[in-house]
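A.B. asks:
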Amino acid sequence: MIEKRIFPELKQGVVLAELGGYGDGYYCAEHGAGAALVLLGTYVVDPGARVPYPAKFVFKPEPSTYNSYLGEHIKAARASGAKVGVSVISVELKHTLDFLVAAQEAGADFASLCAHSVMPMFTRCGLGEALCRRANAPALRRWAEALRNALTIPVIFKIGLGDLAETISAVDTLSELGIPIISINVGETTAGSAGLKAVKQLARHCACLIAGGGIKDVAGARRVLEQGAAAVAIGTAAMKDKALCGNIQKQLRAVPPR
Ligand SMILES: Cc1cc2nc3c(=O)[nH]c(=O)nc-3n(C[C@H](O)[C@H](O)[C@H](O)COP(=O)(O)O)c2cc1C
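FYI, the numbering for the sequence shown is 51 to 308, going by this note's numbering.
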């Protein structure tokens, strides 16, 4: 069992999940009000003219194209009262580093790499959700070390579930390299589900785990926390109900952890 790393702001926390095309600073301020952490993005940084992704979430790899955007949207997201993280993905490591360093300089509290995307432009390069597959372990190490070295704010790796053994192996590598926070979408977290069982196994390997997948209410959030996650991520249900994150957060923190 790995030694837990406590981020007091995330403990029993609700995280507004990153939602490409939606999750800008203003969306986060509204839908993440009262949460522990809101995640802006995921933003794509790419020199291509046609990236198959919501255009307002795509930036050219030049800081001048995103610096003022990050300043404005990180500031806007602060109205949620939550900590603010920024999620990014790019094909080039340097573009990811530059974007996250700019986010840090613009005041972000957390930096997140999206190793969750299934977009072919990333997976065919061994990135996105392919980064956590065993065949891409050297790249995972390279990206994790570079992010850890470039940033002083805590780094989150957002990963997908895929094959559980491979995912655990990737999580072990990330822990060993000093990546403090893993965020995962396990798909479903109903009682007795495979996703919920995966949370329990993964929590043993993560210093700090954020887990989500189908959480709609405080009972669902508690179920995930009881498996050992530090915090829960909510995406779809929070799109529909702007007050949901804050309401669940209030209820979770009203009861001390068992
Ligand atoms: C519209 C939409 C956009 C999403 N965009 C992203 C994204 O850009 N990056 C990412 O890592 N996850 C993305 N996700 C996944 C969510 O962050 C979250 O992990 C997933 O929806 C599971 O949580 P939920 O069941 O509460 O929605 C997206 C999900 C939705 C519904």
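Every residue gets a Cβ at the ideal spot worked out from N, C-alpha and C, and that includes glycine.
As the structure is a computational prediction, the values presented were derived from the model and not from experiment.
Let me know the alpha helix (DSSP H) ranges lying completely inside the stretch 187-231, each 4 residues or longer, listed in chain order.
C.D. replies: Taking only runs of at least 4 residues, the alpha helix (DSSP H) segments lying wholly in the stretch 187-231 are 187-200 and 214-226.
A.B. asks: Run through DSSP, which three-state label would Ser118 get?
C.D. replies: Working through the sequence shown from its first residue, we reach residue 118 at position 68. Three-state result, Ser118: helix.
A.B. asks: CB-CB under 7 angstroms to Leu89, same chain, minus the five flanking residues each way: which ones, in chain order?
C.D. replies: Here the question's residue 89 lines up with position 39 in the sequence shown. Excluding sequence neighbours, Leu89 sits near Val65, Leu66, Ala67, Glu68, Gly73, Gly135, Ser137 and Ser162.
A.B. asks: Among Leu252, Pro58, Glu238 and Glu179, which one has its Cα closest to the Cα of Gly285?
C.D. replies: As a first step, residue 285 is located in the sequence shown; it is residue number 235 there, counting from the start. Residue Glu238 is the option with its Cα nearest to Gly285.
A.B. asks: Does the Cβ of Ser130 lie closer than 7 angstroms to at least one heavy atom of ligand 1?
C.D. replies: Position 80 of the sequence shown, counted from the first residue, corresponds to residue 130. Outside the cutoff, so no.
A.B. asks: Do you know how far the Cα of Cys258 is from the Cα of Ser225?
C.D. replies: Locating residue 225 in the sequence shown gives position 175, counting from the first residue. Locating residue 258 in the sequence shown gives position 208, counting from the first residue. Distance between the alpha carbons of Ser225 and Cys258 is about 10 angstroms.
A.B. asks: Between which two residues does the alpha helix (DSSP H) holding Val268 run?
C.D. replies: Mapped onto the sequence shown, residue 268 falls at position 218. Start and end: Val268 to Glu276.
A.B. asks: How about Gly82: is its Cβ closer than 7 angstroms to a heavy atom in ligand 1?
C.D. replies: The count along the sequence shown starts at 1 and reaches residue 82 at position 32. No - ligand 1 has no heavy atom lying nearer than 7 angstroms to the Cβ of Gly82.
A.B. asks: For ligand 1, I want to know if Cys78 counts as a neighbour, meaning its beta carbon is within less than 7 angstroms of at least one of the ligand's heavy atoms.
C.D. replies: The residue given as residue 78 occupies position 28 in the sequence shown. Cys78: no, Cβ never under 7 angstroms from ligand 1.
A.B. asks: Spell out the partners DSSP gives Ala161 in its beta bridges.
C.D. replies: Along the sequence shown, one-based indexing puts residue 161 at 111. Looking at the DSSP assignment, Ala161 forms a beta bridge with Val136 and Val205.
A.B. asks: Cβ of Ile206 within 8 angstroms of Cβ of Phe160?
C.D. replies: As a working note, residue 206 is residue 156 in the sequence shown. As a working note, residue 160 is residue 110 in the sequence shown. Contact flag set, yes.
A.B. asks: Whether or not the stretch 121-128 and the stretch 71-85 are in contact is what I'm after, with contact meaning three or more pairs of Cβ atoms, one per stretch, closer than 8 angstroms; do they touch?
C.D. replies: At 8 angstroms Cβ cutoff, the stretches touch.
A.B. asks: Pro104 and Gly71 look like a contact to me (Cβ under 8 angstroms); what is the Cβ gap, rounded to whole Å?
C.D. replies: The sequence position of residue 104 within the sequence shown is 54, counting from 1. The sequence position of residue 71 within the sequence shown is 21, counting from 1. Indeed they touch by this definition, with Cβ atoms about 3 angstroms apart.
A.B. asks: Alpha carbons only, please: which of Glu216, Cys175, Gln301 and Met289 is nearest the one belonging to Gln251?
C.D. replies: Mapped onto the sequence shown, residue 251 falls at position 201. It is Glu216.
A.B. asks: With respect to the alpha helix (DSSP H) encompassing Ile260, which residues constitute its N-terminal and C-terminal limits?
C.D. replies: For the purposes of this step, residue 260 is identified with residue 210 of the sequence shown, where counting begins at 1. That residue, Ile260, is in no alpha helix (DSSP H); its beta strand (DSSP E) goes Leu259 to Gly262.
A.B. asks: With hydrogens ignored, establish whether the beta-carbon of Ser140 is closer than 7 angstroms to any heavy atom of ligand 1.
C.D. replies: Mapped onto the sequence shown, residue 140 falls at position 90. Ser140: no, Cβ never under 7 angstroms from ligand 1.
A.B. asks: Tell me, to the nearest whole angstrom, how far the beta carbon of His255 is from that of Ile218; I am working on the premise that it is less than 8 angstroms.
C.D. replies: To locate residue 255, count along the sequence shown from 1; it is residue 205. To locate residue 218, count along the sequence shown from 1; it is residue 168. With 8 angstroms as the limit, His255 and Ile218 qualify as a contact, their Cβ atoms being about 6 angstroms apart.
A.B. asks: So Phe107 packs on Gly91, CB below 8 angstroms; how close in whole Å?
C.D. replies: As a first step, residue 107 must be located in the sequence shown, where it is residue number 57. As a first step, residue 91 must be located in the sequence shown, where it is residue number 41. Confirmed, Cβ separation roughly 7 angstroms.
A.B. asks: Would you say the beta carbon of Tyr119 comes nearer than 7 angstroms to a heavy atom of ligand 1?
C.D. replies: Residue 119 sits at position 69 when you count from the first residue of the sequence shown. Flag unset: Cβ of Tyr119 not near ligand 1.
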